[in-house]
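What follows is a single structure, written as structure tokens, with notes after it.
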Amino acid sequence: MTVNISSNSPYNNFFKQAGVTTNTTNSYNCNSIANTPSVTVGEVQNNEKKQHKKLFGIIGISGGSVLLLSIIALFTLSKGFTGNFAKIFRNLAKAARKNINKLTKQTKHLTNKQKLELEWNKFIEKTSENLQAGSNVTAVKDSFFLHWLKKFKMNGFINKVNNVFKKIILKTKNNSYHKAEQSVADFCTFINKLTEENPSFESTKNLQKLIDKLQTQYISTFSTLKHTTRAQTAWDSMNNLHSKVYDTIFKPQTGFKTNLKNMKTYITTSLMAKEKSLMFSEIKKTQQEIEKTLEEILSTFKKDSPEHKLIQQKTKKIAKNLQNAISHESAAYDKLAELQVGSAHTDIIGILGPTALATFLVIKSKDKDELIKNTLTRGIPILGGVATGYYGNTRGFTGVKNLALGLSTGYLLNIIGTETDKLAKKYRVEQEKLKKAFEDFTKLQLSLLTMHKEPQNIPPQ
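Below is the structure:
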């Protein structure tokens, strides 16, 4: 009996022991050698080179598309390249201007070295001043896009999008204030418990007054009602901010290029700088009052006492949490201003564009294997990089930090996807082998049963 079995089957040795002759699918007759096409070593090497070239081409396209699309998306999403970069360029221009004045006043007859230094500082000053205008790239694209949305009477859509993004922006600020409020509440509970356990303590009455004072100070400015009302007031005051930004950039009297060159600060926040300064001057005032009250509470305990060390840790925690909350409120203020100018709508384009391209790279796959590969090495890295960049943006990360975060995430996901694809392919190959072996073993069982089956006894006629 002969059973056709794959040469890769792990049951080959078993078949031999069972006395079964196996014809592998790879076996061939010696007479067929004459009919086999001849292949030279050179042709094999050329084929290998072509395969390697194709492989590296695919890798290059995959990695390049991930990088390019991530950069485009993160540039669209990024709210960096604004205040921080403008400040750097402004300081460079200021330092260069100072050196220029110093060199020109020193002497009328400059040495060659001084002349070179003078020209270099002039170049730095001019370049830095021009680069400061680049901080308004965000304002230009956001205000331009929102302007045309309003032209097409899409106010309902604008308001719905703004409300969604507004909640996202304020969430971090609200959570930070909740954490600060919790630390104040825990501190007050601790002091009250301490005074109850030591009623004879000489500073008990003073401590209770200070605790009441601390609570009053916090509630007056930093309670949930206060900071949420403050955020809504700020939002309402920015209602006309988009028109101000758009008119400043695009008004026809002076022209776009002239307007952009004259912008030495980030226009979106600079137009609201006065209102923000007034708001945060009151916030800082209350913050300083709270810190003084905490110092008074701490000073009632002797420095060598265990209570002093514990209370010092708690007061530092309150100061840290409160400062963190105020910083997040400041960042939220700037984000709300950008939202009023139109940042959310360009963010949506920044997300949908790469998402559509990533989807296209996946769905154009020829077969299931290529679909899995494109999903793991292209689709997921692109979407992951964009999502991470957007998350960093909503959390207040700016500039290079946000860009690096998104790109590194995309790159890391590409590496993970590539290795996962390799493992998946290896697993699928092993599964195919196991499936084939199982089919072969089933055929063997059927053949053995047929071979050993005894003929039925037929009764005589």
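Once you know that position 281 of the sequence shown is 299 in the numbering used here, the rest is easy, because the numbers rise by one and skip nothing.
A virtual CB, placed ideally from N, CA and C, is assigned to each residue, including glycine.
Note that the coordinates shown come from a computational prediction; the quantities given were computed from them, not determined experimentally.
Task: Cβ-Cβ distance between residue 284 and residue 139 below 8 Å - done: no
- [ ] Could you give the DSSP three-state label for residue 289: helix, strand or coil?
- [x] coil
Task: Rounded straight-line distance, which links the Cα of residue 435 to that of residue 380 - done: 13 Å
Open item on the list: Does the structure place the segment 326 to 342 close enough to the segment 254 to 266 that three or more beta carbon pairs sit under 8 Å?
Closed with: By the Cβ test, the segment 254 to 266 is not in contact with the segment 326 to 342, since fewer than three Cβ pairs between them sit closer than 8 Å.
TODO: Would you tell me roughly how many angstroms separate the C-alpha atoms of residue 494 and residue 157, rounded to the nearest one?
DONE: Because the chain here runs from 19 to 479, residue 494 falls outside it and cannot be looked at.
Task: Cα-Cα separation, residue 100 to residue 121 - done: Any reading at residue 100 needs caution, since the residue's pLDDT is 47, under 50, leaving its predicted position unreliable; the model's value is listed next. Those two C-alpha atoms are separated by around 32 Å.
Open item on the list: Please state the DSSP three-state secondary structure of residue 319.
Closed with: Looking at residue 319 - three-state DSSP - the assignment turns out to be coil, as it is neither helix nor strand.
Task: Expected contact under 8 Å - CB spacing of residue 357 and residue 183 to nearest Å - done: Going by Cβ atoms, the distance from residue 357 to residue 183 rounds to 6 Å, so yes, they are a contact pair.
- [ ] For residue 128, name the three-state secondary structure that DSSP assigns.
- [x] In this structure, residue 128 counts as coil in the three-state DSSP scheme.
Task: Nearest-angstrom beta carbon gap, residue 316 and residue 304 [assumed within contact, 8 Å] - done: With 8 Å as the limit, residue 304 and residue 316 do not qualify as a contact, their Cβ atoms being about 19 Å apart.
- [ ] Determine, using beta carbons only, whether residue 389 comes closer than 8 Å to chain D.
- [x] The structure shown contains no chain D, having only a single protein chain.
Open item on the list: Check whether the segment 202 to 209 and the segment 173 to 192 touch, using three or more Cβ-Cβ pairs below 8 Å as the test.
Closed with: no
- [ ] Keeping to the same chain, check which residues put their C-beta closer than 8 Å to that of residue 363; ignore five residues upstream and five downstream.
- [x] Within the same chain, residue 363 has close Cβ partners 160, 163, 164, 167, 176, 179.
Open item on the list: On the DSSP letters alone, give me the boundaries of the alpha helix (DSSP H) that residue 383 sits inside.
Closed with: From DSSP, residue 383 is part of no alpha helix (DSSP H); its letter is neither H nor E.
Task: CB contact flag (residue 242, residue 195, <8 Å) - done: yes
Open item on the list: Could you check whether residue 236 and residue 118 sit closer than 8 Å to each other, using their CB atoms as the reference points?
Closed with: no
Task: Where residue 319 falls, given that 16 or more other Cβ within 10 Å makes a residue buried - done: buried
Task: For residue 221, the first and last residue of its enclosing alpha helix (DSSP H) - done: Where residue 221 is concerned, there is no enclosing alpha helix (DSSP H), given that its DSSP letter is neither H nor E.
Open item on the list: Could you tell me the alpha carbon to alpha carbon distance between residue 231 and residue 189, rounded to whole angstroms?
Closed with: 28 Å
Task: Selection from 229, 146, 294 that minimises the alpha carbon distance to residue 314 - done: Put simply, of 229, 146, 294 the residue whose alpha carbon is nearest the alpha carbon of residue 314 is 229.
Open item on the list: Can you tell me whether residue 240 is buried or exposed? The criterion is at least 16 other CB atoms within 10 Å of its CB, across all chains shown.
Closed with: buried
Task: residue 290 burial status per 10 Å Cβ neighbour count (16 or more: buried) - done: When all chains shown are included, residue 290 counts as buried.
- [ ] Going by CA-CA distance only, name the one from 383, 211, 298 that's closest to residue 345.
- [x] 298
Open item on the list: Rounding to the nearest angstrom, what Cα-Cα distance links residue 438 and residue 382 in this structure?
Closed with: 20 Å
Task: Contacting residues, own chain, Cβ-Cβ under 7 Å from residue 136 (five flanking each side not counted) - done: Exclusion of the five residues before and after residue 136 leaves 118, 121, 128 as the residues of its chain whose Cβ lies within less than 7 Å of its Cβ.
TODO: Would you mind giving the Cβ-Cβ distance between residue 442 and residue 390, rounded to the nearest angstrom? I have them listed as a contact below 8 Å.
DONE: 6 Å
- [ ] Would you kindly report the start and end of the unbroken alpha helix (DSSP H) that includes residue 174?
- [x] 173 to 215
Open item on the list: Quick check: the Cα distance between residue 432 and residue 440, rounded to an integer number of angstroms?
Closed with: 12 Å
Open item on the list: I'd like to check one pair, residue 337 with residue 312: are the Cβ atoms closer than 8 Å?
Closed with: yes
Task: Of the residues 114, 234, 169, the one placed nearest residue 145, counting alpha carbons only - done: 114
Open item on the list: Check this for me: beta carbons of residue 143 and residue 245, under 8 Å apart or not?
Closed with: For residue 143 and residue 245, no; Cβs fall outside 8 Å.
- [ ] Determine the direct distance from the alpha carbon of residue 450 to that of residue 192, and round the result to whole angstroms.
- [x] Answer to the nearest angstrom: the Cα atoms are 55 Å apart.
- [ ] Can you tell me which of the three DSSP states residue 460 falls into?
- [x] helix
Task: Proximal residues to residue 222 (C-beta, below 8 Å), its chain only, five neighbours per side dropped - done: 213, 216
Open item on the list: Do residue 287 and residue 352 count as a contact pair if the criterion is CB distance below 8 Å?
Closed with: With a cutoff of 8 Å on beta-carbon distance, residue 352 and residue 287 are scored as near each other.
Open item on the list: Just verifying my parser: in three-state terms, what is the DSSP assignment at residue 241?
Closed with: coil
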